[in-house]
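When we follow numbering that gives the first Met the number 0, the leftmost residue of the sequence shown carries the number 0, and every step to the right adds one.
See below for the structure under consideration.
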Amino acid sequence: MQQQDVSTEVRLEPLFADRLDQVLLVEQRAYDHPWSRTNFLDVLHSGYHAQILMANDTVLGYFVAMKGVDEVHLLNITVAPEHQGQGLAHTLLDALALWGRYQRAQWVWLEVRVGNQRAMRVYEAYGFRRMGQRKDYYPAGGNLREDALVMSFRL
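Laid out in structure tokens, this is it:
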């Protein structure tokens, strides 16, 4: 797939079901264990905060988060593989932090696979700190499971 020049007309917009086909294509290319259409529909129907980063009609990335009492829980953040390394994850995290502050949250929490070193570097560069580990949190193929690192960011 050709890398698109994203220097013009990049925008954030709410994720609605009519964009799910595009989001699912990105999700399936980005992960060995992608979210399903049902996962996305469930979070949309539950009213979770979901944003997509667009360049013209191309989905560059997205995130899904839910609001807690004084925190935001980041459930999914993804940048299309062909657009990684351009700072777009930082842009998505900025949008999440802005929304979280508007919601009067004090923290953003997330889990990340212990094997996903690239994501951990992005989160740590943004300011997230390692807080703990959840054993066997993620499916890892077959009957195997992978631990999750729990990270937080003070808003």
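Yeah, the Cβ is synthetic: ideal placement off N, Cα and C, and Gly gets one too.
Go ahead and pull the three-state DSSP assignment for residue i.
i: alanine 29; result: helix
i: glutamate 12; result: strand
i: tryptophan 108; result: strand
i: leucine 143; result: coil
i: methionine 0; result: Model confidence at methionine 0 stands at a pLDDT of 47, short of 50, so the residue's coordinates are unreliable; what they give is reported in the following sentence. DSSP places methionine 0 in coil when its eight states are reduced to three.
i: glycine 99; result: helix
i: phenylalanine 127; result: coil
i: aspartate 20; result: helix
For residue i, count neighbouring Cβ atoms within 10 angstroms of its own Cβ and tell me buried if that reaches 16, exposed if not.
i: glutamate 26; result: buried
i: methionine 0; result: With a pLDDT of 47 at methionine 0, under the threshold of 50, the modelled position of that residue is not reliable, and no figure is offered here.
i: glycine 46; result: exposed
i: phenylalanine 156; result: Outside the displayed range of the chain (0 to 154) lies residue 156, so it cannot be described from this structure.
i: alanine 88; result: buried
Counting contacts by CB-CB distance shorter than 8 Å, is residue i in contact with chain C?
i: tyrosine 47; result: Considering every chain present, this structure includes no chain C. It has just one protein chain.
Which residues in the same chain have their Cβ closer than 6 Å to the Cβ of residue i, if we skip the five residues on either side of it in sequence?
i: leucine 92; result: Tyr125
i: arginine 144; result: Asp135
If I measure Cβ to Cβ from residue i and keep anything under 7 Å in the same chain, skipping five residues before and after, which residues do I get?
i: glycine 134; result: A quick correction: the sequence has lysine, not glycine, at residue 134. So the qualifying residues of the chain are Asp146.
i: histidine 94; result: For the record, residue 94 in the displayed sequence is alanine; it is not histidine. For alanine 94, where only same-chain residues beyond five positions count, the Cβ hits under 7 Å are Leu11, Gln50.
How about residue i and residue j: are their beta carbons less than 8 Å apart?
i: valine 42; j: tryptophan 108; result: no
i: phenylalanine 39; j: leucine 19; result: yes
Using a Cβ distance threshold of 8 Å, determine whether the stretch 57–68 contacts the stretch 110–120, with at least three qualifying pairs required. no
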